[in-house]
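Here is the structure we will look at.
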Ligand SMILES: [Zn+2]
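In the numbering used here, the protein residues as written are 1 to 159.
Below, the structure written as structure tokens:
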């Protein structure tokens, strides 16, 4: 395979530990993946299978770490959830300036917010879950009856 960058040299295939900086974190190494390198220019092309599964693994490692989340990790988790800065602000019930301060490491994310973020990732909240947050923001408090039905040993909302 010819290098798509310089279109001159033939790419050389190796297997090595790859520093996966593309994810925005400086701490992730992919062990023994196939990497194609151009001997003519500086082009390096890693072959990363199942990127979605990889990002799941990174996200879960982050939310399970006992130390506080660092700014680039907050950015990673926000993107993992598929959220823009505005989405993040809306879902965390705070303003965009606050988000920006966390993501640039200017202000430490307070513990309740950090727990909320970890919880959102843990429960696999994605952008389509908006309506639940929308409901939480509504000013009107209304009693909603809950109908639960046992379905194969699991309690589920009755249809
Ligand atoms: Zn090249």
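Every residue, glycine too, gets a C-beta built ideally from N, C-alpha and C.
Nearest-residue set for ligand 1, Cβ under 7 Å from any heavy atom: Every residue whose beta carbon comes nearer than 7 Å to a heavy atom of ligand 1 appears here in chain order: 3, 5, 6, 8, 9, 38, 40, 41, 43.
key: Other residues of its chain near residue 20: CB distance less than 6 Å, five sequence neighbours each side excluded   = Translated into the one-based positions of the chain shown, residue 20 becomes position 20. Cβ neighbours of residue 20 within its own chain (closer than 6 Å, five residues either side excluded): 28, 30.
- [ ] Give me the Cβ distance between residue 17 and residue 43, rounded to the nearest whole Å; I'm assuming they're in contact under 8 Å.
- [x] Here the question's residue 17 lines up with position 17 in the chain shown. Here the question's residue 43 lines up with position 43 in the chain shown. Your pair residue 17 and residue 43 does not check out as a contact, with CB atoms roughly 19 Å apart and the cut at 8 Å.
ask   = So does the segment 64-80 actually touch the segment 107-122, counting three or more Cβ pairs closer than 8 Å?
value = Below 8 Å, enough C-beta pairs join the segment 64-80 and the segment 107-122 to call them touching: three or more.
Just list the residues that DSSP pairs residue 36 with in beta bridges. Counting from one through the chain shown, the residue named residue 36 turns up at place 36. For residue 36, which the question treats as bridged, DSSP gives the partners 13, 45.
Measuring only the C-alpha atoms, how far is residue 124 from residue 54?
Stepping through the chain shown from its first residue, residue 124 is reached at position 124. Stepping through the chain shown from its first residue, residue 54 is reached at position 54. A straight-line Cα-Cα distance of about 15 Å links residue 124 and residue 54.
One question on the structure: do residue 57 and residue 38 come within less than 9 Å of each other, judged by their Cβ atoms? Locating residue 57 in the chain shown gives position 57, where the first residue counts as 1. Locating residue 38 in the chain shown gives position 38, where the first residue counts as 1. Cβ distance not < 9 Å, so residue 57 and residue 38 don't count as in contact.
### Message
On the DSSP letters alone, give me the boundaries of the beta strand (DSSP E) that residue 52 sits inside.
### Response
Here the question's residue 52 lines up with position 52 in the chain shown. Per DSSP, residue 52 is not a residue of any beta strand (DSSP E); the alpha helix (DSSP H) it occupies stretches across 51-63.
Check: Residues bridged to residue 18 by DSSP?
Finding: As a working note, residue 18 is residue 18 in the chain shown. Paired residues: 30.
Within its chain, find whatever has a CB closer than 6 Å to the CB of residue 102; leave out the 5 residues flanking it on each side and keep chain order. Your numbering for residue 102 matches position 102 in the chain shown. Excluding sequence neighbours, residue 102 sits near 74, 109.
Hey, would you say residue 32 sits closer than 9 Å to residue 15, going by beta carbons? As a working note, residue 32 is residue 32 in the chain shown. As a working note, residue 15 is residue 15 in the chain shown. Yes, these two residues count as a Cβ contact at 9 Å.
Since residue 157 is in the alpha helix (DSSP H), which residue starts that stretch and which ends it?
Residue 157 sits at position 157 when you count from the first residue of the chain shown. Looking at the DSSP string, residue 157 is not in any alpha helix (DSSP H); the run it does join, the beta strand (DSSP E), is 154-157.
* To do: Tell me whether the beta-carbon of residue 146 lies closer than 9 Å to the beta-carbon of residue 159.
  => The sequence position of residue 146 within the chain shown is 146, counting from 1. The sequence position of residue 159 within the chain shown is 159, counting from 1. Against a cut-off of 9 Å, the Cβ pair of residue 159 and residue 146 comes out as no contact.
- Query: If you check the beta carbons only, do residue 25 and residue 76 fall under 9 Å apart?
  - Reply: Looking up residue 25 in the chain shown gives position 25. Looking up residue 76 in the chain shown gives position 76. Taking 9 Å as the Cβ cut-off, residue 25 and residue 76 qualify as a contacting pair.
Using DSSP's beta-bridge definition, name the partner residues of residue 149. The residue you call residue 149 lines up with position 149 of the chain shown. DSSP, once it has assigned bridges, lists 156 as partnering residue 149.
>> For residue 40 and residue 22, what's the separation of their Cα atoms in angstroms?
In response: On the chain shown, position 40 is the one that residue 40 refers to. On the chain shown, position 22 is the one that residue 22 refers to. One C-alpha to the other measures close to 23 Å.
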